[in-house]
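Novice: Okay, handing you the structure first.
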Amino acid sequence: MYKTPEDRPIYRLLTGQDDRAFCERVSEALAQGWRLYGSPTISWDTAENCMKAAQAVVWHEADVVK
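If you're matching positions, the sequence shown starts at 1 in the UniProt record's numbering and goes up one per residue.
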């Protein structure tokens, strides 16, 4: 099995408001060894009145088939 930081699953979906903090979370994951999996997605959250973003990442050692 793969050893990920903090014993996280090999697949993660990062979500949050589309802002600098979200971009920093994705950048931090990449710096830790995660790699992007697919394209990001954004959607307008009418309840919060803001844009929300999501980006999937997988652990760099994982053999993940798209």
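Cβ atoms here follow ideal geometry from the backbone N, Cα and C, with glycine treated the same way.
Keep in mind it's a predicted model, so treat the numbers as computed, not measured.
Spatial neighbours of G33 within its chain, please: CB distance less than 6 Å, with the 5 preceding and 5 following residues excluded, ordered by chain position.
Specialist: H60
Novice: I'd like the list of long-range same chain contacts for M51, defined as Cβ closer than 8 Å, with 5 residues on each side in sequence excluded.
Specialist: Closer than 8 Å at Cβ, skipping near neighbours: Q17, D18, I42, S43, W44 and D45.
Novice: Between the C-alpha atoms of R25 and A56, what's the straight-line distance to the nearest angstrom?
Specialist: Whole-angstrom Cα-Cα distance: 12 Å.
Novice: So, A53 versus F22, is the Cβ gap smaller than 8 Å?
Specialist: yes
Novice: If you run the structure through DSSP and keep just helix, strand and coil, what is D7?
Specialist: Helix.
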